[in-house]
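*Asks:* If you use this note's numbering, the sequence shown corresponds to residues 68 to 341, in order.
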Amino acid sequence: MTREEKPISDAIDTRSPSVARMYDWLLDGVDNYAADRKACEDLLEIAPSSKVLARNNRAFLRRVVRVLAQEYGIRQFLDHGSGLPTQDNVHQVAQRVDRSCRIVYLDTDPIVLAHGRSRLDQNDRVAVLRADMRETEAIFGTPEVRRLIRKNECTAALFVSVVHCLKDEDVLPMLAAVKARLEPGSFFVICQLVSDRADIRNRVTDLMDRATGGKWGRVRTADEVRAYFDALGLDIIDPGLCDVTDWRPDSELMPRPKADDWVEWGGVGRVPIR
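Shown next as structure tokens:
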């Protein structure tokens, strides 16, 4: 490890909330415990639209993977902070476009690894890796990544609803380290929880920091998320950076319920081809 931190434990701590398991509960999943449910109930008191937000975010993930595979020919995906498996995971969406698509899922939660390997590892083009997403050098050195994320091929690096889990000092170094390992023409998908309301930002950040034992970053503003794309020098593709509910919706006729207290905000940027 490159940081003065405790190594990742294999033990499943059911007494402390997990971000992955909380997200699972918000999506009406069953892979969660009483501590996760209690933390979600506390979260809903602060931000009542959190369930709507989680569903919108998952729909965005499905759309963006499909667009990158269909319209841009991306065939390899690195999903940082993938969370627990749910309906229409990244490999299912991508491999419906092309069976040759290759996906590596990354998460630190041991329950993600346990469930992921049983539900996601469905063919030899999918791998589930237990890793701290900040440890880019170690991740790219694993057999799974060396086998599935090929050099000289464009990659989609997914950071969907995970950057808010990181401290400010970790975000840009991690993103820059990933960019240094990707081919020009690769894509970054970055979105995170943002709010225009300082009370929401502060209260949710305090709640999650306490609930996760400090394993949390903070709710940010849209301008702060935009700064990530600017710092990386990415070319932002249409429709730009926005509430992810508005990112290439499947139909303009379909109702798109929105969260009104906070939103998942971001988009897709491409590493310039020079």
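Cβ coordinates follow ideal geometry from the N, Cα and C atoms, glycine included.
Note that this is a predicted model, so its numbers are computed, not measured.
(1) Could you tell me the boundaries of the beta strand (DSSP E) in which Asp174 lies?
(2) Quick one: using the 10 Å Cβ neighbour count with 16 as the cut-off for buried, is Leu320 buried or exposed?
(3) Where does Val338 sit, in a helix, a strand or coil, going by DSSP?
(4) Determine the closest residue to Leu242 out of Ala298, Ser83, Val195, with distance taken between C-alpha atoms.
(5) Leaving aside the five residues before and after Phe226 along the sequence, list all residues of the same chain whose C-beta is less than 6 Å from its C-beta, in chain order.
(6) My understanding is that Phe254 touches Arg337, with C-beta atoms under 8 Å, so please give their C-beta distance in whole angstroms.
(7) Quick check: the Cα distance between Thr279 and Arg82, rounded to an integer number of angstroms?
(8) Please classify Ala205: is it buried, with 16 or more other beta-carbons within 10 angstroms of its beta-carbon, or exposed?
(9) So which of Arg201, Arg166, Ala198 has the shortest CA-CA distance to Asn190?
(10) Could you give the distance in angstroms between the alpha-carbon of Val134 and the alpha-carbon of Asn123?
(11) According to the neighbour-count rule (16 or more other Cβ atoms, all chains shown, within 10 Å of its Cβ), is Ala265 buried or exposed?
(12) I'd like to know whether the C-beta atoms of Ala114 and Asp290 end up nearer to each other than 8 Å.
(13) Would you call Gly333 buried or exposed, if buried means 16 or more other Cβ atoms sit within 10 Å of its Cβ?
(14) Taking the C-alpha atoms as reference points, what is the distance between Ala101 and Ile141?
*Replies:* With the structure as the only source:
(1) Here the beta strand (DSSP E) through Asp174 covers 169-174.
(2) With a pLDDT of only 48 at Leu320, under 50, the local geometry of the prediction cannot be trusted, and no value is derived from it.
(3) Here Val338 sits in coil by DSSP.
(4) Selection Ala298, Ser83, Val195 evaluated against Leu242 yields Ala298 as nearest (Cα-Cα).
(5) These residues qualify, in order along the chain: His147, Ile257.
(6) The Cβ separation is near 5 Å, so the contact holds.
(7) C-alpha separation (whole angstroms): 10 Å.
(8) Exposed, by the Cβ-count rule.
(9) Considering only alpha carbons, the answer is Arg166.
(10) Note on geometry: alpha-carbon atoms of Val134 and Asn123 lie some 16 Å from one another.
(11) Exposed.
(12) For Ala114 and Asp290, no; Cβs fall outside 8 Å.
(13) Answer is buried; the Cβ neighbour count reaches 16.
(14) Ala101 and Ile141 have their alpha carbons spaced roughly 39 Å apart.
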